[in-house]
Structures are given as C-alpha cells and as structure tokens.
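**Student:**
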Amino acid sequence: MTTNNDQSPLPQSDLETRALELLSQMTLNEKIANLSGSTPFWSGLADILGGAYNRHTWDAGHTQRLGLDGIRFTDGPRGIVIGQATTFPVSMARGATWDVDLERRIGEAMGREARAVGANLFGGVCINLLRHPAWGRAQETYGEDSHLLAEFGVALTVGAQHHVMACVKHFALNNMENARFSIDVQASSRVLHEVYLPHFKRVVDAGVACVMSAYNSVNGQWAGHSSELLTEILKTRWGFGGFVVTDWIFGMRDSRLAMLGGQDLEMPFQMHHHRDLQRLVEAGEVSVARIDDANLRMLRMQLHFTQSDTVDVSVMGSSAHRQLALEAAQKSIVLLKNAGDLLPLRSDTRLAVIGALAAIPNTGDGGSSNTVSQHIVTPLEGVQAGFTQVTYDDGQDLERAKMLARSSEAVLLVVGYTKADEGEFVSPDTTSGLRSLFPAPTSPTEIEIAGLVASGLAARAEASGAFSRGGDRASLHLNSSDEALIQAVASANQNVIVAVMAGSAVLMNAWEDAVSAIVLLWYPGMEGGHALSDVLLGRVNPSGKLPFSIAKTDAHYPYFDRDAVSVTYDLWHGYRKLERDGNPAAYPFGFGLSYTTYAYSDLRLEQQQSSVTATVRVTNTGRNAGEEIVQLYVSALDSAVERPVKELKAFARIALQPLESKRVSLNVLTSSLEYFDELLGEFILEPREYEFIVAQHSADANALRGKIRLGERGDT
Ligand code: BGC
Numbered sequence: 048m049t050t051n052n053d054q055s056p057l058p059q060s061d062l063e064t065r066a067l068e069l070l071s072q073m074t075l076n077e078k079i080a081n082l083s084g085s086t087p088f089w090s091g092l093a094d095i096l097g098g099a100y101n102r103h104t105w106d107a108g109h110t111q112r113l114g115l116d117g118i119r120f121t122d123g124p125r126g127i128v129i130g131q132a133t134t135f136p137v138s139m140a141r142g143a144t145w146d147v148d149l150e151r152r153i154g155e156a157m158g159r160e161a162r163a164v165g166a167n168l169f170g171g172v173c174i175n176l177l178r179h180p181a182w183g184r185a186q187e188t189y190g191e192d193s194h195l196l197a198e199f200g201v202a203l204t205v206g207a208q209h210h211v212m213a214c215v216k217h218f219a220l221n222n223m224e225n226a227r228f229s230i231d232v233q234a235s236s237r238v239l240h241e242v243y244l245p246h247f248k249r250v251v252d253a254g255v256a257c258v259m260s261a262y263n264s265v266n267g268q269w270a271g272h273s274s275e276l277l278t279e280i281l282k283t284r285w286g287f288g289g290f291v292v293t294d295w296i297f298g299m300r301d302s303r304l305a306m307l308g309g310q311d312l313e314m315p316f317q318m319h320h321h322r323d324l325q326r327l328v329e330a331g332e333v334s335v336a337r338i339d340d341a342n343l344r345m346l347r348m349q350l351h352f353t354q355s356d357t358v359d360v361s362v363m364g365s366s367a368h369r370q371l372a373l374e375a376a377q378k379s380i381v382l383l384k385n386a387g388d389l390l391p392l393r394s395d396t397r398l399a400v401i402g403a404l405a406a407i408p409n410t411g412d413g414g415s416s417n418t419v420s421q422h423i424v425t426p427l428e429g430v431q432a433g434f435t436q437v438t439y440d441d442g443q444d445l446e447r448a449k450m451l452a453r454s455s456e457a458v459l460l461v462v463g464y465t466k467a468d469e470g471e472f473v474s475p476d477t478t479s480g481l482r483s484l485f486p487a488p489t490s491p492t493e494i495e496i497a498g499l500v501a502s503g504l505a506a507r508a509e510a511s512g513a514f515s516r517g518g519d520r521a522s523l524h525l526n527s528s529d530e531a532l533i534q535a536v537a538s539a540n541q542n543v544i545v546a547v548m549a550g551s552a553v554l555m556n557a558w559e560d561a562v563s564a565i566v567l568l569w570y571p572g573m574e575g576g577h578a579l580s581d582v583l584l585g586r587v588n589p590s591g592k593l594p595f596s597i598a599k600t601d602a603h604y605p606y607f608d609r610d611a612v613s614v615t616y617d618l619w620h621g622y623r624k625l626e627r628d629g630n631p632a633a634y635p636f637g638f639g640l641s642y643t644t645y646a647y648s649d650l651r652l653e654q655q656q657s658s659v660t661a662t663v664r665v666t667n668t669g670r671n672a673g674e675e676i677v678q679l680y681v682s683a684l685d686s687a688v689e690r691p692v693k694e695l696k697a698f699a700r701i702a703l704q705p706l707e708s709k710r711v712s713l714n715v716l717t718s719s720l721e722y723f724d725e726l727l728g729e730f731i732l733e734p735r736e737y738e739f740i741v742a743q744h745s746a747d748a749n750a751l752r753g754k755i756r757l758g759e760r761g762d763t
C-alpha cells in the first residue's frame, strides 16, 4: 500500500517484518486485549456522562512489554477536540473553498495539534456524502459530490498523516443522524460503487491508516459487522492494509459477527470482545488467524507512523494556525446575491448589525466534533474591527430593529442555525434500546454506575450541554423568527445584506427577493468574524462556491424522513437529481459570485493513454483581483445505461489580476468516466462520445463544451 508519511522510520518491507516479529511475541491474551479500547466500560461511560468527553485521547493496544505505545485517538473535523485547539471553519465551509492545497495545510495543522495533545490517530476525515441537506451532521462533510469529497478527504488525510495516522469515517452510508443507530440503508452495488463509496476508495488509495465503520445498517447488516463493506469491498477489492475501528460504543453489537465481518478494533471501551472473544476463539468460532490479521493491521500502521520527536503544546491555536483558519473562512464565504453591486461597502458606511447570532460564538455542532478555542471572533467583533460606524441590535424586538435599520445606510443581518438546530444527536430515546448491549456490571462500583445510567444520568448529561439537541433539521427554511426579522428589516432599509450561518443548504425563497445581498457564512471557525468583515469591505474578493445545490423547494430533494427505519439510496441526489428531473436549482452546485467577472475561452481537449486533459483560457474581465474555481463536468453521450446528465470530474482554483489571463489545465482519468456494471461486478468504460463541459458552476449557460470519443482504442 502507498503511504504519505515522510517520517516513517523503516522501509516498507522492514516494517512488515517488524510487525510480524512483534505479533509473534504477543500472547493470545494480549492480542485479544488489543482489539478493544483500553478503557473499562462502566468507568469510561461514567466519565463521558459526567461531561469528560474529549478531555483526553481514547486509547487502545498499549503493550508495555513490547514497547508498543498503542493507539491514542482524538477527534475532528473542525479542529482537534482536546485542549485549546484551533477552531477551523466546519468541513462544509472548507468544501466551499474548493481549495485542496489549503485543506492539506489544514490537515497538517490538525495533525500537529493532535500530536501536541498526545494523540497519534486523528478521527476527523469525515466524507459521508450529503444526500439531503437536513442531515444533522452535514457540516462535518464536504458536500454532495463524490469527486469533491474525494479531493478533500485525500487532502486532509495526506496533510494530517505527516504527523499522525488519519481515520476516515463513517463507512458507509451514514447520511442521516436521528435514526443512525437503527436505520437500514439499502443500496445496489452500482449505487455503492458509483455514488457512496468512490471517495472512500480514493482516501484508501492515498494511504489512510484507519477506517471507522458506521452505526447504521447497510443491506441488512450492521456496518460494523458488514462483510460486504469491510471484507469484500474495503479489504479485498480495494486492498486496504490499515485497520478498521468501530464508531463509538454502539458501532458493533456482537463480537463474533464483527470479527467475521472484518472489524478490527472495538472502541472506545472494553465491551463485547472483552467479554466474549476469548471464549469465541477457544470454541473455534473466531480463528486465531483473524485475530492475528486484526492485530497485524494495527501494528503495521503504528510502526509506519511512529514519530521520534514531540510537538510542543504551543502549536495549539498558534498564530500560524489562526491565520490558516482565517484564510479558510475568507475563501469559504459564498456570495449568493449582490443586487446593484451593494457589496463591497466603504469602511465608514453607517452599518447596523442585527441578529442574535452576530454576537455569539457559533462554531457548529456540540457533539463529538466540538472544539474549545482561546477566542472566537464573532461576526459583530469582526465587523467592529473593520468598520468605523457600527451599531448593534439583537433583533428580538422587530420595531426596534426597524428603527435602527431606518437610521442606517446598510444593514448586516446575521441569521441561521446553531448546534441546537443541527448536529450530532444522542438522546436517551435513541439509545435506551441499546442498553442491552452493555456488559453486566460486576463490581459494586459498576452496579452503582449502571443504576445512575438507568435512572437518567444520560438525560442529565445531555441537558448539561454535551451532545445537546442537534439532530437532523426539522426544516430547510430559516427559523420563522429569522424570516420575520429579515422581512421587517428589509421593509425599513433597501441595503440589507443577509449572512446565513448553517452547515448545509437553506431554502431562501421566502425572503431572498426582499434583500440586496446574501452571503453564506457557515460555521466559520475562530476567525470567522474577521473573514466576514474582509469580504464585506472588499479586502477579500469572495471566491467560495456551493459544494451542494440549493433547490427551489424541499420537493426537489430526495425523500427524507428523519425517523425512517429503512431507506433505499439510488443514483439520484443533488445536481444529478435536479438535472435528471428538469428542476433548475435556486442556487446551483458550484455557484458563487465575485466582485469581478471572468470569461472562459479556447477549450482544447487532448487525449492521453489513460486520461484526457482539458485546457481553457480564463480571463479576469473585471476591475478587481480575484480567485476563480474552474469546474469540469463530463457527460457520457447516448449511454446505454441510465446516467447523470453530467458529473464533476475536475476543478482548479486560480488567482487572476484584473485583465490577466491564464491557461488552466484540468486532467480527467478515463477510469473516472466508467459506470459500474452490476452483472459483471466491475467498472466499464463505455465506448462512445463524452462531452467535456468547462463551467463556472453546474448550471452555467456560458459553459464551453467539447466532445471526444473514448473507450475504443484501448484506453484504460
Ligand atoms: C461519532 C464519530 C466520532 C466518535 C468519537 C461518535 O459519536 O459518530 O464521528 O468519531 O463518536 O468521538
């Protein structure tokens, strides 16, 4: 397997020999113990419920006798969740930057901070596909498109793996929140291989050390036990040489089924394996070979990613990392509307800032991805630092807000969601049925903890803040109080800019015509306020582009029931579905405005043995310097099978001065144009014409198009 850790102490073949040597020195008891987290179940649970989630690493596999440090896990993905870390914009915001080099640098920063808190495994590479914008954890992933997800997942992994092992999650089909512990997702092999898995494969090919299985069930098997996913696809078809880890506590339910399915490490507690695995091995129900295989996978990765030096804790939230968070926030802001070129504003504009969210730190989810930072720059603080005449109102009283709007030149309204509206969801309701999975308490202390859990400690912990609320969104619209505030303020001032804080698509049709400008601010991290101010002032030209489609109505998205017990995923979601159904988006995938304009010309296609290179001239035709994201979509013409109208296959981010022109090159592997044939069980490149479409976004009427025949001259 290929890896990206420059600092590996030994060449690949020596690593394998050393891993085998270590394995041969381990007793069966040690091998079995290493396949569970090292934290005892009841005390660990008491710790979590007492609010100690993410105060320390979650450890496994420490074997002192052999000098093995084991695995020390910390979470992500908006930063390291232990200590005073750097809080970056959430992954969805970073997806909107379309800047994979930046994501790699962010990965390096997170890897550095992970090491500074003593971790060697970073669990922040979340690349589940955004099938529906109501998904509570949408903010933790990068968007609706598999190619975009792959590029970002690879970049974060490669960056982080300069320092630590990375863990990509949640494998697979974990795209709903409330029902994640119970839902069965049905998907054909074509849907799996073409839509929901290719980005995982790309991250595996890039050398990720660890894959976290999902909570949900897939085609009737819990993902944490799924031989289809873990053994047949991940380990056999893709040749994954690293280890699989369960999602926490409820990610596997049976020791035998998990081991036989291809699960390697149960986390974070001593739970099923601790109780059952020894007996299962003695009874011949789980082979020693399987135990060895799981151990070997962990050993291999630990040896490969061993680090000889330490990282000082001063990197946590350092000014270099804050600067990176600022760059990400600046590049992530998507300008959706700018009527009459209201933006950018002068710094002495008499600006009213209205809305409660303007004045509170709002960095996203309150669950496992929650971070703690030194100081979060709110939108209000950022704007106060950039503008000279700012007045603030929380917008609770509509008449007062209108009065302020009337006496101001322009209004910045900050609205949207918080962790109360969307995010990770763990509730006594969804987990009470799972308590039967807990090991029986044995000691008096364990019996006491079990009693507390049963009598509602979980509910109290929930109420205390950790994992509070969140869940899948109830609606794709803003809260009604936000919508009323927008209408009220817009009736009093012509120059209203709405900044929306959210983790995925928000339907804006109820109010978008009433306001002049709209920006998607996301959950923008610790420097978000400064980034917003920079964009409003034109110090930064907005360049973010939507990593998903904003439809005109809920009805244009796939069916979504957050309480469903089963769901069938098909080929259709996002722009693929909108285009198939002939429903134009309100704001298409890949869309975002700028303070300048770009023109594309002179598209050329050149075929190589296994790829096609498209080159195009891009000119900045406006008066401001800017950064543009050039997108390449490909359409298989007259396909014999049902296929999307077109799909994103490449993109590039380029910087252009006014009137500057650059030739941009976009490379597409012909293998990425294949479809998955269910009967043959493999990918096929159809011999036909393919149309290459170079565009500013997925619905660009001025896109340049060129055709090329592929699949006939022995292209691979
Ligand atoms: C989440 C995972 C996370 C794990 C450890 C689970 O609740 O689903 O994404 O990595 O906790 O924090």
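Numbering (our numbering), first residue to last: 48 to 763.
Positions of the beta carbon are idealized from the N, C-alpha and C atoms, including for glycine.
Everything numeric in this text was worked out from a predicted model, so none of it was measured.
If I follow the unbroken alpha helix (DSSP H) through S90, where does it start and stop?
**Tutor:** Here the question's residue 90 lines up with position 43 in the sequence shown. From DSSP, the alpha helix (DSSP H) with S90 extends over 88-94.
**Student:** For L523 versus A80, is the C-beta spacing smaller than 9 angstroms?
**Tutor:** Along the sequence shown, one-based indexing puts residue 523 at 476. Along the sequence shown, one-based indexing puts residue 80 at 33. Contact: no.
**Student:** Measuring straight from C-alpha to C-alpha, what distance separates H743 and F169?
**Tutor:** Mapped onto the sequence shown, residue 743 falls at position 696. Mapped onto the sequence shown, residue 169 falls at position 122. The sequence shown places Gln at residue 743, rather than the His named in the question. Roughly 34 angstroms between the two C-alpha positions.
**Student:** Let me know the beta strand (DSSP E) ranges lying completely inside the segment 235-279, each 3 residues or longer, listed in chain order.
**Tutor:** Entirely contained in the segment 235-279, the beta strand (DSSP E) runs reaching 3 residues are, in chain order, 257-260.
**Student:** Kindly examine the ligand BGC and report whether one of its heavy atoms sits closer than 8 angstroms to the Cβ of M259.
**Tutor:** Sequence index remark: in the sequence shown, residue 259 carries index 212 (1-based). Answer for M259: yes, Cβ within range of the ligand BGC.
**Student:** Return helix, strand or coil for T64, following the three-state DSSP convention.
**Tutor:** Position 17 of the sequence shown holds residue 64. T64: helix per DSSP, three-state reduction.
**Student:** Using a threshold of 8 angstroms, is the CB atom of W182 nearer than that to any non-hydrogen atom of the ligand BGC?
**Tutor:** Within the sequence shown, numbered from 1, the residue matching residue 182 stands at position 135. Checking the Cβ of W182 against the ligand BGC gives no.
**Student:** Hey, which unbroken runs of the alpha helix (DSSP H) at 4 residues or more fall wholly within the segment 163-240?
**Tutor:** Residue ranges of uninterrupted alpha helix (DSSP H) with 4 or more members, entirely inside the segment 163-240 and ordered along the chain, are 193-207.
**Student:** With 16 other CB atoms within 10 Å as the buried threshold, where does S745 fall?
**Tutor:** On the sequence shown, residue 745 is found 698 positions in, with the first residue counted as 1. Buried is the call here.
**Student:** Mapping the DSSP letters down to three states, classify L583 as helix, strand or coil.
**Tutor:** Along the sequence shown, one-based indexing puts residue 583 at 536. Note: L583 maps to helix in three-state DSSP.
**Student:** If we ignore side chains and look at the alpha-carbon of each, how far apart do S366 and E574 end up?
**Tutor:** Working through the sequence shown from its first residue, we reach residue 366 at position 319. Working through the sequence shown from its first residue, we reach residue 574 at position 527. Taking the straight line from one Cα to the other gives about 11 angstroms.
**Student:** Scan the segment 341-425 and note each continuous alpha helix (DSSP H) run of 4 residues or more that stays entirely inside, going in chain order.
**Tutor:** 366-379
**Student:** Alpha carbon to alpha carbon, what distance is there between S641 and D560?
**Tutor:** The residue you call residue 560 lines up with position 513 of the sequence shown. The residue you call residue 641 lines up with position 594 of the sequence shown. Each residue's Cα considered, the two are about 19 angstroms apart.
**Student:** How long is the line joining the alpha carbons of Y604 and F247, rounded to whole angstroms?
**Tutor:** For the purposes of this step, residue 604 is taken as the residue at position 557 of the sequence shown. For the purposes of this step, residue 247 is taken as the residue at position 200 of the sequence shown. Using only the alpha carbons, I get a separation of about 24 angstroms.
**Student:** I need the straight-line Cα distance from I755 to A305, nearest angstrom please.
**Tutor:** Position 708 of the sequence shown holds residue 755. Position 258 of the sequence shown holds residue 305. In a straight line, the C-alpha of I755 is about 47 angstroms away from that of A305.
**Student:** Looking only at its own chain, which residues have a Cβ that is under 8 angstroms from the Cβ of I401, when we skip the five neighbours before and after it?
**Tutor:** Residue numbering aside, residue 401 sits at position 354 when the sequence shown is read from its first letter. Y439, D440, D441, G442, A448, L451, A452, V458, L459, L460, V461, L532, V536, listed in sequence order.
**Student:** Going by DSSP, what residues sit across from E653 in a beta bridge?
**Tutor:** Walking along the sequence shown from the start, residue 653 turns up at place 606. Per DSSP, T660.
**Student:** Could you check what DSSP says for S718 in three-state terms: helix, strand or coil?
**Tutor:** For this step, residue 718 is matched to residue 671 along the sequence shown. Correct three-state label for S718: helix.
**Student:** Could you tell me how far apart the beta carbons of C173 and P124 are, in whole angstroms, since I believe they sit closer than 8 angstroms?
**Tutor:** The count along the sequence shown starts at 1 and reaches residue 173 at position 126. The count along the sequence shown starts at 1 and reaches residue 124 at position 77. Yes, they are in contact, since the Cβ atoms of C173 and P124 sit about 5 angstroms apart, within 8 angstroms.
**Student:** Determine the DSSP secondary structure at E462, reduced to helix, strand or coil.
**Tutor:** In the sequence shown, counting from the first residue as 1, residue 462 sits at position 415. As written in the sequence, residue 462 is Val, which differs from the Glu given in the question. Note: V462 maps to strand in three-state DSSP.
**Student:** Around the C-beta of R119, are 16 or more other C-beta atoms found within 10 angstroms, so that it is buried, or is it exposed?
**Tutor:** Within the sequence shown, the letter at position 72 stands for residue 119. That one is buried.
**Student:** Report the partner residues of I496 according to the DSSP bridge assignment.
**Tutor:** The residue given as residue 496 occupies position 449 in the sequence shown. DSSP lists no partner for I496.
**Student:** Under 8 angstroms from any heavy atom of the ligand BGC, does the C-beta of K709 make it?
**Tutor:** The count along the sequence shown starts at 1 and reaches residue 709 at position 662. Judged by the Cβ position, K709 fails to qualify as a neighbour of the ligand BGC at the 8 angstroms threshold, every heavy atom of the ligand being at least this far.
**Student:** In angstroms, rounded to a whole number, what distance separates the CA positions of L751 and V659?
**Tutor:** On the sequence shown, residue 751 is found 704 positions in, with the first residue counted as 1. On the sequence shown, residue 659 is found 612 positions in, with the first residue counted as 1. Roughly 16 angstroms separates the two Cα atoms.
**Student:** So if DSSP puts Q704 in a beta bridge, which residue, or which two residues, is it bridged to?
**Tutor:** Within the sequence shown, the letter at position 657 stands for residue 704. DSSP lists no partner for Q704.
**Student:** If you count every other CB in all the chains shown that lies within 10 Å of the CB of L727, and 16 or more means buried, which is it?
**Tutor:** For this step, residue 727 is matched to residue 680 along the sequence shown. Counting of Cβ neighbours within 10 angstroms places L727 among the exposed residues, the total staying below 16.
**Student:** Compare the Cα-Cα distances from L706 to each of A661, E733, A646 and report the closest residue.
**Tutor:** Start at 1 with the first residue of the sequence shown, and residue 706 comes out as number 659. With distances taken between Cα atoms, L706 lies closest to A646.
**Student:** May I have a chain-ordered list of the alpha helix (DSSP H) segments no shorter than 4 residues that lie completely inside the segment 532-605?
**Tutor:** 575-584
**Student:** Enumerate in chain order the residues of its own chain whose CB-to-CB distance from R162 is below 8 angstroms, with the five nearest sequence positions on each side excluded.
**Tutor:** Here residue 162 is taken as the residue at index 115 of the sequence shown, counted from 1. Excluding sequence neighbours, R162 sits near H210, V211, Q354, T357, V358.
**Student:** Within 9 angstroms of any Cβ in chain C, is that where the Cβ of T353 sits?
**Tutor:** Among the chains in the structure shown there is no chain C, since it carries only a single protein chain.
**Student:** Can you tell which of G288, A143, Q436, R159 has the C-alpha that lies nearest to the C-alpha of R63?
**Tutor:** Taking the first residue of the sequence shown as position 1, residue 63 is located at position 16. It should be noted that the sequence gives Glu, not Arg, for residue 63. Taking the Cα of E63 as reference, the smallest distance to any Cα among G288, A143, Q436, R159 is reached at G288.
**Student:** How many whole angstroms separate the CB atoms of S596 and A549, which I take to be in contact at a CB cut-off of 8 angstroms?
**Tutor:** In the sequence shown, residue 596 corresponds to position 549, counting from 1. In the sequence shown, residue 549 corresponds to position 502, counting from 1. Contact doesn't hold; Cβ gap of about 15 angstroms is too wide.
**Student:** Considering only residues of the same chain and omitting the five flanking positions on each side of V688, which have a CB-CB separation below 7 angstroms?
**Tutor:** Start at 1 with the first residue of the sequence shown, and residue 688 comes out as number 641. Once the five neighbours on either side are set aside, the close Cβ partners of V688 are Y722.
**Student:** Per DSSP, what kind of secondary structure is V328 in: helix, strand or coil?
**Tutor:** The residue labelled residue 328 in the question sits at position 281 within the sequence shown. Three-state result, V328: helix.
**Student:** Just verifying my parser: in three-state terms, what is the DSSP assignment at A746?
**Tutor:** Taking the sequence shown and counting its residues from 1, one reaches residue 746 at position 699. Here A746 sits in coil by DSSP.
**Student:** Please list, in chain order, all residues of the same chain as E759 whose beta carbon is under 7 angstroms from its beta carbon, the five residues on each side excluded.
**Tutor:** The count along the sequence shown starts at 1 and reaches residue 759 at position 712. Closer than 7 angstroms at the Cβ level, and outside the excluded window around E759, lie P734.
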